[in-house]
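A.B. asks: Before I ask anything, let me first share the structure, which is written out below as structure tokens.
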Amino acid sequence: MAGSHVAAATTLPTESLPGMVQPGSTDDALIAIFGASGDLSARKLVPALFSLWKDGFLSAKSSIVGVARRPKTDDEYRTEMHAAVSKFGRFGEISAEEWAKFAQKLFYRTVNLDQPDEYVGLAKSFEELEKATGLGERRVFYMATSPDLFVPTAEAIYKAGMVPDRRSRQILRMVFEKPFGHDLESAQHLQRKLGRILREEQIYRIDHYLGKETVQNILLFRFGNSIFEPLFNRNHIDHVQITVAESQGIEQGRGGYYDTSGAMRDVLQNHVLQLLALIAMEPPSFFRGKDIRDEKVKVLDALAPGSLTSIHEWAIRGQYGPATIGGKPAAGYRQEDRVNPNSNTETYAALEARIDNWRWAGVPFYLRTGKRMPARVSEITIQFKSPPLHLFKTVECDGDMCELVDSRPNMLIFRIQPSEAISLQFSTKRPGMQYQIHPARMDFAYEDVFTSSLPEAYERLLLDVTRGDSTLFMRNDELEAAWRFCTPVLNAWANDPKGPELYEAGTWGPAGADAMLARTGRRWYAPKLNSGKK
Ligand code: BG6
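Listed below in structure tokens is the structure:
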């Protein structure tokens, strides 16, 4: 019945639709984490697998094998992971009883990842484990290694006979963490090398932002409601801002990686551009992985510089200097552990981008990310155009100085983290005898409506790899398009002797980023601050 709110009967099994999975209906798999002694595995992966198991999303037979160089027994690994899951998982302290049940699924194998010969023994050990547990059809290998090991590990896995050929009933999926290349050329090179070993549908390039509940909600909000989507275009939107700000500096032990990466490669090229793709893409014809990714890549392909002047006018970089935050001294970036004391690596990046397509022509997208900002907050702010005629004005005073101002523009704000929310800002009449404007805000806060804790991004993504759903993973063409846009900026920065502009730790970044918006009479939206986790 056209226009009915009653869903039409569907003959599709729910599992074939992205995100339609019921507890208990997931596929059995042997999940191996390569680089299992690293931070990612203890902080994110094993806690996420535990949560999946607890919520009934990890099938009974599935087994998890940590693979790393350090010699360890299964029991030692289980004890370590018990502490990690209690500390970093979303269920807090796990009782010994409950842990004992989950721990039966955990195994550890010692392998020097850069020694191809050792993979033969690993392959044998996987087969034995599969025989003992009744697994055998499906393997997920998670590369939680440093990126220089991606290719050697994949090659060694291939040589040890662990990559099934097309005709085989066996399935192998490999997950790769970012950074996937450090510019366009290196990403293409990496892809060529992996492409000789794995087919595209076996490669899962993870961007954990896509697993966040509120990020997935962008699509539902846009295409599951009919009131906002007609406004999402150049006729109604003045500009869009995307902010991924962190209050932390460089975490212990990360200085070495970060100093060769920087804010652009670490967050903007991937997390921020993925948010942009979701907020700007056309509606797909079907809610299917291929269709969604086809639409996202069109947006990334259409990315263009914010202005045709020098790159330095639309691409701003900064680096935090020392400061006193809350009465305590905070180190500057160059004083951080394992960071070159003369480093020119940016800890802040802001870009003005355009999307050269019919929907968005002429609408600036301001993107920014930084470490050591006043708060940990990720938000997308959509500012609508002002009404064509300003009928109403109000008096606003700053101390003794008062002036007549127009109404503030409408804003739609997606708060991705922390305190996930969607807010709409609009003007109302202040009660009284005059037509005075009062800015009002309607907030939908997740915590007011949903009482259970939100699943962690890695839970969703690990579940999807096991099921073979790549909707929330980056396809190679998306990744290339993102690098194609960012690489000229990175090159221009690398060749600029001036280095990044300093900003004080605990502030919203360098003055140059404010100036970039001020040129068109705009300014960065100040997020409503709540206490974040970091
Ligand atoms: C990671 C970056 O991808 O994302 C980190 O490497 C950053 O530097 C992190 O801190 C931010 O993720 P989240 O989920 O904490 O916003």
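To convert, count from 1 in the sequence shown and add 838; that's our numbering. Each residue gets a CB set at the ideal place from its N, CA and C atoms; glycine is no exception.
Identify, in the order they occur along the chain, each residue of the same chain with its Cβ nearer than 7 Å to the Cβ of I1220, setting aside the five sequence neighbours on each side.
C.D. replies: Here residue 1220 is taken as the residue at index 382 of the sequence shown, counted from 1. Excluding positions up to five away in sequence, the list reads I1075, V1078, M1249, L1250.
A.B. asks: Out of E1051, M1012, V989, which has the shortest C-alpha to C-alpha gap to A1283?
C.D. replies: Locating residue 1283 in the sequence shown gives position 445, counting from the first residue. When each option's Cα is compared against that of A1283, the closest is E1051.
A.B. asks: Exposed or buried, which one is D1307 when buried takes at least 16 other CB atoms within 10 Å?
C.D. replies: The residue labelled residue 1307 in the question sits at position 469 within the sequence shown. Buried is the call here.
A.B. asks: Between which two residues does the alpha helix (DSSP H) holding F1061 run?
C.D. replies: Taking the first residue of the sequence shown as position 1, residue 1061 is located at position 223. Per DSSP, F1061 belongs to the alpha helix (DSSP H) from 1051-1061.
A.B. asks: Between L1028 and the rest of its own chain, which residues show a CB-CB distance below 6 Å, the 5 nearest in sequence each way excluded?
C.D. replies: Counting from one through the sequence shown, the residue named residue 1028 turns up at place 190. Cβ neighbours of L1028 beyond the five flanking positions: G1019.
A.B. asks: Using only the alpha-carbon positions, how far apart do L1367 and M1211 sit?
C.D. replies: By 1-based counting over the sequence shown, the position of residue 1367 is 529. By 1-based counting over the sequence shown, the position of residue 1211 is 373. Approximately 11 Å between the Cα atoms of the pair.
A.B. asks: To the nearest angstrom, how far is the alpha carbon of T917 from that of A1353?
C.D. replies: Walking along the sequence shown from the start, residue 917 turns up at place 79. Walking along the sequence shown from the start, residue 1353 turns up at place 515. Taking the straight line joining both Cα atoms gives about 53 Å.
A.B. asks: In chain order, what residues of the same chain have a beta carbon less than 7 Å from the beta carbon of P1121, not counting five sequence neighbours either side?
C.D. replies: Counting from 1 along the sequence shown, the entry for residue 1121 is found at position 283. Closer than 7 Å at the Cβ level, and outside the excluded window around P1121, lie F1061.
A.B. asks: Quick check on the burial criterion: 16 or more other C-beta atoms within 10 angstroms. Buried or exposed for S901?
C.D. replies: Within the sequence shown, residue 901 is the residue found at index 63, counting from 1. Buried is the call here.
A.B. asks: In the stretch 1061-1125, which residue ranges form an unbroken alpha helix (DSSP H) of at least 4 residues, counting only runs that do not cross its ends?
C.D. replies: 1093-1097, 1111-1118
A.B. asks: Excluding five sequence neighbours on each side, which residues of the same chain lie with their C-beta closer than 6 Å to the C-beta of E1067?
C.D. replies: Reading the sequence shown from its first residue, position 229 is the one you call residue 1067. Counting only Cβ-Cβ distances below 6 Å, and skipping sequence neighbours, we find R1060.
A.B. asks: Beta-carbon within less than 8 Å of R908's beta-carbon, same chain only, minus the 5 sequence neighbours each way: which residues are those?
C.D. replies: Residue numbering aside, residue 908 sits at position 70 when the sequence shown is read from its first letter. Cβ neighbours of R908 beyond the five flanking positions: S875, T948.
A.B. asks: Report the start-end ranges of each alpha helix (DSSP H) in the stretch 944-993 that is 4 residues or longer and not cut off at the edges.
C.D. replies: 956-971
A.B. asks: What is the residue span of the alpha helix (DSSP H) that T919 lies within?
C.D. replies: Along the sequence shown, one-based indexing puts residue 919 at 81. Residue identity check: residue 919 is Met in the sequence provided, not Thr. Note, M919: alpha helix (DSSP H), 912-926.
A.B. asks: So for S1265, helix, strand or coil by DSSP?
C.D. replies: Taking the sequence shown and counting its residues from 1, one reaches residue 1265 at position 427. DSSP places S1265 in strand when its eight states are reduced to three.
A.B. asks: Whose C-alpha, out of R1007, A906, Y1186, is nearest the C-alpha of V1105?
C.D. replies: For the purposes of this step, residue 1105 is taken as the residue at position 267 of the sequence shown. The candidate whose alpha carbon is nearest that of V1105 is Y1186.
A.B. asks: Report yes or no: do the stretch 1219-1237 and the stretch 1106-1114 share at least 3 C-beta pairs separated by less than 8 Å?
C.D. replies: no
A.B. asks: Determine, using beta-carbon pairs with one atom in the stretch 1155-1174 and one in the stretch 1324-1343, whether at least three such pairs fall under 8 Å.
C.D. replies: Yes, the stretch 1155-1174 touches the stretch 1324-1343.
A.B. asks: Please confirm whether any heavy atom of the ligand BG6 lies closer than 8 Å to the CB of N1055.
C.D. replies: Taking the sequence shown and counting its residues from 1, the one referred to as residue 1055 is at position 217. Because no heavy atom of the ligand BG6 lies under 8 Å away, the Cβ of N1055 does not count as near it: no.
A.B. asks: Under a three-way DSSP split, which group does Q1029 fall into?
C.D. replies: The count along the sequence shown starts at 1 and reaches residue 1029 at position 191. Three-state result, Q1029: helix.
A.B. asks: In whole angstroms, give me the CA-to-CA distance for K1371 and C1324.
C.D. replies: In the sequence shown, residue 1371 corresponds to position 533, counting from 1. In the sequence shown, residue 1324 corresponds to position 486, counting from 1. The predicted position of K1371 is uncertain, since its pLDDT is 40 and thus under 50; no value can be drawn from it.
A.B. asks: Is H1020 a contact residue of the ligand BG6, with contact defined as CB to any heavy atom under 8 Å?
C.D. replies: Walking along the sequence shown from the start, residue 1020 turns up at place 182. Outside the cutoff, so no.
A.B. asks: I'd like to know whether the C-beta atoms of I1193 and E1217 end up nearer to each other than 9 Å.
C.D. replies: Against the sequence shown, residue 1193 aligns to sequence position 355. Against the sequence shown, residue 1217 aligns to sequence position 379. The answer is no: Cβ separation not under 9 Å.
A.B. asks: Where does T864 fall in DSSP's three states?
C.D. replies: For the purposes of this step, residue 864 is taken as the residue at position 26 of the sequence shown. If DSSP states are grouped into helix, strand and coil, T864 belongs with coil.
A.B. asks: Can you list the beta strand (DSSP E) stretches of 3 or more residues lying completely in the stretch 1144-1174, in chain order?
C.D. replies: 1153-1159, 1161-1163, 1166-1168
A.B. asks: I'd like to check one pair, T991 with T1098: are the Cβ atoms closer than 9 Å?
C.D. replies: Working through the sequence shown from its first residue, we reach residue 1098 at position 260. Working through the sequence shown from its first residue, we reach residue 991 at position 153. Contact flag unset, no.
A.B. asks: With a threshold of 8 Å, establish whether the CB of V1013 neighbours any heavy atom of the ligand BG6.
C.D. replies: Taking the first residue of the sequence shown as position 1, residue 1013 is located at position 175. Not under cutoff, so the answer is no.
A.B. asks: Using CA coordinates, which residue listed in G1347, G1270, L1138 is at the minimum distance from R1322?
C.D. replies: Mapped onto the sequence shown, residue 1322 falls at position 484. Checking every option, the nearest Cα to that of R1322 belongs to L1138.
A.B. asks: Which word fits K943, buried or exposed, when buried means at least 16 other C-beta atoms lie within 10 angstroms of its C-beta?
C.D. replies: Translated into the one-based positions of the sequence shown, residue 943 becomes position 105. K943 comes out buried.
A.B. asks: Would K882 be called buried (16 or more neighbouring beta carbons within 10 Å of its own) or exposed?
C.D. replies: Stepping through the sequence shown from its first residue, residue 882 is reached at position 44. Flag for K882 reads buried.
A.B. asks: Reducing DSSP to helix, strand and coil, say where E1342 ends up.
C.D. replies: Against the sequence shown, residue 1342 aligns to sequence position 504. Look at E1342 here: in three-state DSSP terms it is strand.
A.B. asks: Locate the beta strand (DSSP E) running through G1208, then write down its first and last residues.
C.D. replies: As a first step, residue 1208 must be located in the sequence shown, where it is residue number 370. 1203-1208 is the span of the beta strand (DSSP E), which, as asked, contains G1208.
A.B. asks: Return the CA-CA distance between L1310 and R1131, expressed in angstroms with no decimal places.
C.D. replies: Within the sequence shown, numbered from 1, the residue matching residue 1310 stands at position 472. Within the sequence shown, numbered from 1, the residue matching residue 1131 stands at position 293. The alpha-carbon atoms of L1310 and R1131 are separated by roughly 9 Å.
A.B. asks: Could you give the distance in angstroms between the alpha-carbon of F888 and the alpha-carbon of S1006?
C.D. replies: The residue labelled residue 888 in the question sits at position 50 within the sequence shown. The residue labelled residue 1006 in the question sits at position 168 within the sequence shown. Cα to Cα, the separation comes out at about 30 Å.
A.B. asks: Tell me the rounded alpha-carbon separation between E1294 and V1082.
C.D. replies: By one-based count along the sequence shown, residue 1294 stands at place 456. By one-based count along the sequence shown, residue 1082 stands at place 244. Cα-Cα distance, rounded: 17 Å.
A.B. asks: Skipping 5 residues on each side, what residues in its chain have a beta carbon closer than 6 Å to that of P1247?
C.D. replies: As a first step, residue 1247 is located in the sequence shown; it is residue number 409 there, counting from the start. Same-chain partners within the cutoff: Q1221, F1222, S1224.
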